[in-house]
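Undergrad:
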Amino acid sequence: MPALSPRERTIVGAGALLACAIGGHVLVAEPLLARARNADALVPAREAVLERHRLLVAERPRLAAEAAALGARLEAGSARLLRGPTAPLAAAELQRLVKERLPAGRVEVRSERVLPARAQHGLQEIGLELTLAGTLRDTVTGLAGLEQHDRLLVLQAVRIQTIAATQPREVSTTVTVAGYLLSATGG
1 MPALSPRERT
11 IVGAGALLAC
21 AIGGHVLVAE
31 PLLARARNAD
41 ALVPAREAVL
51 ERHRLLVAER
61 PRLAAEAAAL
71 GARLEAGSAR
81 LLRGPTAPLA
91 AAELQRLVKE
101 RLPAGRVEVR
111 SERVLPARAQ
121 HGLQEIGLEL
131 TLAGTLRDTV
141 TGLAGLEQHD
151 RLLVLQAVRI
161 QTIAATQPRE
171 VSTTVTVAGY
181 LLSATGG
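Residue numbers (the numbering used here): 1 to 187.
1) Leaving out five residues on either side along the sequence, give the residues of the same chain with a beta carbon under 6 Å from the beta carbon of alanine 117.
2) Tell me whether glycine 24 sits in a helix, a strand or coil according to DSSP, three-state version.
3) If you follow the alpha helix (DSSP H) that leucine 143 is in, where does it begin and where does it stop?
4) Out of Gly179, Leu17, Leu56, state which residue places its alpha-carbon closest to the alpha-carbon of glutamine 120.
5) Around the Cβ of alanine 90, are there at least 16 other Cβ atoms within 10 angstroms (buried) or fewer (exposed)?
6) Whole angstroms are fine: how far does the CA of leucine 50 sit from the CA of leucine 143?
7) Please list the terminal residues of the continuous alpha helix (DSSP H) segment that includes alanine 58.
8) Is DSSP giving arginine 101 helix, strand or coil here?
9) With 16 other CB atoms within 10 Å as the buried threshold, where does threonine 162 fall?
10) Per DSSP, which residues does serine 172 bridge with? Please list them.
11) What does the alpha-carbon distance come out to for the pair arginine 110 and aspartate 138?
12) Counting pairs of Cβ atoms below 8 Å between the stretch 71-88 and the stretch 147-155, do you hit three or more?
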């Protein structure tokens, strides 16, 4: 290979220098500029996220107070619900409450049937179907006592029939009463 003349060396050197400059721009400067542009574009979004976090931190005392108030309301409301960790225990309490409210010795409970528990908006509905026998006045007094109980009891169905045509004052009443229990799942 013949030696390069000074003019050729200058051209080759300038070409190599130009190639290094273009390569440096493409491989180093452009990625740095692109990263800077992306960072500039992300700054407003990150500032907005930071501002939302600041607002949430500033609202923490208010949210804690609301949570405490809601907890107090839940406790006050749950006092009206049936007690018992499970549906069968709550059904037993419902049976006891119903029998306590019926006039003693004047209304006879002929049959009882516990209905399957159903989910109702975060609560479990515990149903009880009773067949009662007694005078119409005593039966209505007992049912009114159930409606006015401090616990949340709902008369879902009432069917009244006379026991015999010769005894119009004696009635057989089929009643479906429901009480509510706080669900273990909470929803």
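Just so it is clear, CB atoms sit at the ideal spot from N, CA and C, and this is done for glycine as well.
TA: The relevant details are as follows:
1) Ala87, Gln124, Ile126
2) In this structure, glycine 24 counts as helix in the three-state DSSP scheme.
3) 136-147
4) Gly179
5) buried
6) C-alpha separation (whole angstroms): 60 Å.
7) 30-78
8) helix
9) With fewer than 16 other Cβ atoms within 10 Å, it is exposed.
10) Ala133, Gln161
11) 15 Å
12) yes
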